[in-house]
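Read top to bottom, the protein sequences are chains A and B. Residue numbers for the first sequence follow numbering that gives the first Met the number 0, beginning at 0 and rising by one. Residue numbers for the second sequence follow numbering that gives the first Met the number 0, beginning at 0 and rising by one. Presented below is the structure to which this report refers.
Protein chains: 2
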Amino acid sequence: MSVTMTVDEDIKRVAKEEGLAPAFIERGVAEGSIVILRNKLHGWSKPVGVGKGLKTKINVNLGTSPDRIDYDLELEKVRLSMEMGVDTVMDLSTGGEIRDLRLKVLKESKIPVGTVPIYEAVCGLAKNGRTLLEMTKDSLFSVIEDHLKSGVDFLTVHCGLTRRAIPIIDEKRRATGIVSRGGSFLYRWMKHNNRENPLYEYYDELLDMTKEYNATLSLGDGLRPGSIADSTDRTQVEELLILGELVERARDRGVQAMVEGPGHIPIQEIEANVLLEKKLCSGAPFYVLGPLVIDCAPGYDHIVSAIGGAVAASAGADFLCYVTPSEHLGLPDLDDVREGIIASKIAGHAADVAKGVKAARRQDALISQARKDFDWERMMALSLDPKRAKRKRGAIESDYKKCTMCGQFCAMREEMI
Amino acid sequence: MSVTMTVDEDIKRVAKEEGLAPAFIERGVAEGSIVILRNKLHGWSKPVGVGKGLKTKINVNLGTSPDRIDYDLELEKVRLSMEMGVDTVMDLSTGGEIRDLRLKVLKESKIPVGTVPIYEAVCGLAKNGRTLLEMTKDSLFSVIEDHLKSGVDFLTVHCGLTRRAIPIIDEKRRATGIVSRGGSFLYRWMKHNNRENPLYEYYDELLDMTKEYNATLSLGDGLRPGSIADSTDRTQVEELLILGELVERARDRGVQAMVEGPGHIPIQEIEANVLLEKKLCSGAPFYVLGPLVIDCAPGYDHIVSAIGGAVAASAGADFLCYVTPSEHLGLPDLDDVREGIIASKIAGHAADVAKGVKAARRQDALISQARKDFDWERMMALSLDPKRAKRKRGAIESDYKKCTMCGQFCAMREEMI
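Structural data, given as structure tokens:
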């Protein structure tokens, strides 16, 4: 009924990182409200805890697409993520030598790495002139095993999208249908082959494989809404019900599991979405993609997602997947990645302040004190992006107390005229 | 007991703009839950409704400081604001020829203009080698009258900061004390002169002046918190209680009034802040500055404020004052203004989706349809910033259906392999 950690050391390291007692982490892991991301073969990675009572975590997506293949750029994103204090990266490559890149990402990364193995399975078929419809259970599972063996710490698997959902999807009530790549692959595969999703049918086998490497399943939401119009609909909730069952089954088998969430959700529905996940999935950690609170700001989806992520994590979501300004438009370059990371960190920090995470409150208190003291150097040092803050402020003037905003009329100056 | 609009035409124009019945606007104005911003002498300005049941409005702050005086730049900000569909601008100048700039801003602006007359009163003294401590009721009120006569549509007046607050302020429990310029002026003035705030003492006179020009009072929060540590504290709520009384007195005299709000507020306290304002101030429109949900992201306060503004307006705040990336660091340049406006518009749109404003929902539905149809031209046209979206997407490729994000594996392609 409970997950037994093979690596007690990981619990201690996570506890230290979070400033919490090891017993707290251990209890969270045992009851499934906390997962620790670290494949036993990814030994050089820092173990990262995700879940109830912990700091909100941030993930960076990276990877090639068939139309943009630049391995060095993707590895640069790994380095930038580590440098900026991101918690995990996911390699979502679908173009070029996917397996080679994955191995390089794992080697480079001192933070946990996630993947979506079905991408590689489908891309492998495409390379040989075949389509996803020809995927077999064995071809998919052998890719999954290869990912686990290479040290991947968490795997997105769309196990909750089953044949039961097909008639609901086929009602075509949705404005934007299926927007998850993995979800659309499996839907087409099930329809064409008239068979159950192998990730669901052979879920126990998947669990056993995952357990062997002490990896974590990230139960993907293949039916997440792709527009505000589709949010919190029957299609989405149908899948969530199954994900809840799968969380229970993972726990019964001693496998760590978290649940992925939307997507596009208007602000007033976010809290209910978090509640639903926590209730239906027995308190499993909630990993949200966004949520994007509006549809109409391409070019600024990092801000749209910062709003949704802050609200979601304040309401109890545990893990935020960053969104970059190039979302919906193309693959991000390094500047996009940087902007996406900062927006996500702001959202996570805002949520941590709300959740009462002491370190977050303390950072805000210290920077406010520095502001009161006109201690610009300290203010910069305590900010989320000191370089940018310094650039915006310009040269530190001889009268260091001034900024051009209010000048001599600054409300904080004791000697204000 | 109710506000009589002298200009029925304004009600009709606001109703048309909002897509609502004139009777709805009229009732809102009569009960004080809606104000219409337009000084009767600012005839070339579009009247803008702010309040319950209407679209969330966005304000842009501009103006000089003693350390940065560039009139053309500030006028360029007015033009940029109008071009980007901002609802109002406020000229907060404190440097150079303030009166001249105000007249130019009013002439240029086809949207309502707000000001904080006490800045000009204090700057006028400083110019003559005197300090704010020498301000008199008459010198302050003559500046206010000059603002009204020049056509200013709404005036921020810190009438709610009274002597009653002095002992609370002097307990010095706050991390960051007073951070409102107007608030700090009045606190120092009251302490030094041992007299009541003239904006409170002669409030009826202020009301009569305002009524004559059909202007709106924006009751300022001179004691707003300047850090997360100070949010929703006794000092802030003490002032809000008085602002509530002043709203009632404005209504009794037929003057339109709205209430300004914080400031720095953690995300989980925002809803309570909106509720408090609506309850204590009898449903007066709520105009929020931010709120900033964390203190430690200078350089990115437009994002921090987009989170707070979206949450506040979703909870019922009516009017968002934009915040730029240079907040806390210096005066914004045009790029900062542009970024601040977009972040604010995103927040306002997210809130309008939550509030059920039909036009907002419709825009999201249309862009999602365009996304489903791979109609990139239409998608760009429907986005909040078409230029930026186009730039991020790059050249429209020959195969127009593709973006580099997923390429041939896009979940939305019917013919996906």
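Note that CB positions come from ideal geometry on N, CA and C, so glycine has one too. Source: prediction; values computed, not measured.
Indicate the three-state DSSP secondary structure (helix, strand or coil) for residue i in the structure shown.
i              : result
S217 (chain B) : strand
I33 (chain B)  : strand
S397 (chain A) : For S397 (chain A), the pLDDT reaches just 43, beneath the cut-off of 50, and the residue's location in the model is therefore unreliable, leaving the point undetermined.
E96 (chain B)  : coil
R420 (chain B) : Nothing can be reported for residue 420 (chain B): it is not among the residues displayed for chain B, which extend from 0 to 416.
A256 (chain B) : strand
S64 (chain B)  : strand
C280 (chain A) : coil
K357 (chain B) : helix
H41 (chain A)  : coil
G27 (chain A)  : helix
L74 (chain A)  : helix
L245 (chain B) : helix
D207 (chain B) : helix
Compare the beta carbon distance of residue i and residue j with 9 angstroms and say whether it is the shorter of the two.
i              : j              : result
L154 (chain B) : L216 (chain B) : yes
I227 (chain B) : H263 (chain B) : yes
D351 (chain B) : A305 (chain B) : no
K391 (chain A) : G176 (chain B) : no
G159 (chain A) : L288 (chain A) : no
T63 (chain A)  : L319 (chain A) : no
L242 (chain A) : L218 (chain A) : yes
C405 (chain B) : T93 (chain A)  : yes
M81 (chain A)  : I35 (chain A)  : no
P197 (chain A) : T135 (chain A) : yes
Measure from the C-beta of residue i to each C-beta in chain B and report whether the shortest distance is under 9 angstroms.
i              : result
P430 (chain A) : Residue 430 (chain A) is absent from the model: chain A starts at 0 and stops at 416.
G393 (chain A) : yes
P166 (chain A) : no
L330 (chain A) : yes
Q235 (chain A) : no
A174 (chain A) : yes
A228 (chain A) : yes
P65 (chain A)  : yes
Q368 (chain A) : yes
T93 (chain A)  : yes
I266 (chain A) : yes
S149 (chain A) : no
A346 (chain A) : yes
T403 (chain A) : yes
Can you find a CB in chain A that lies within less than 9 angstroms of the CB of residue i?
i              : result
C320 (chain B) : no
C409 (chain B) : yes
G52 (chain B)  : no
V142 (chain B) : no
H146 (chain B) : no
C280 (chain B) : no
A296 (chain B) : yes
Can you say whether residue i is buried or exposed, counting buried as having 16 or more other CB atoms within 10 angstroms of its CB?
i              : result
H146 (chain B) : buried
E170 (chain B) : exposed
D220 (chain B) : buried
W188 (chain B) : buried
L205 (chain B) : buried
I417 (chain B) : Beyond the ends of chain B as shown, which are 0 and 416, falls residue 417 (chain B); an answer cannot be given.
W375 (chain B) : buried
K54 (chain B)  : buried
L100 (chain A) : buried
D7 (chain B)   : exposed
G150 (chain B) : buried
G48 (chain B)  : buried
K426 (chain A) : As shown, chain A starts at 0 and ends at 416. That puts residue 426 (chain A) outside it, with no answer to give.
K15 (chain A)  : exposed
K278 (chain B) : exposed
E133 (chain A) : exposed
L61 (chain B)  : buried
A358 (chain A) : exposed
Using a Cβ-Cβ distance cut-off of 9 angstroms, determine whether residue i contacts chain D.
i              : result
Y299 (chain A) : You won't find chain D in this structure, because its protein chains are A and B.
Per DSSP, residue i forms a beta bridge with which residues?
i              : result
F285 (chain A) : A:V258
D90 (chain B)  : B:L61, B:T114
L154 (chain A) : A:T114, A:L216
F318 (chain A) : A:K56, A:Y286
H327 (chain A) : DSSP lists no partner for H327 (chain A).
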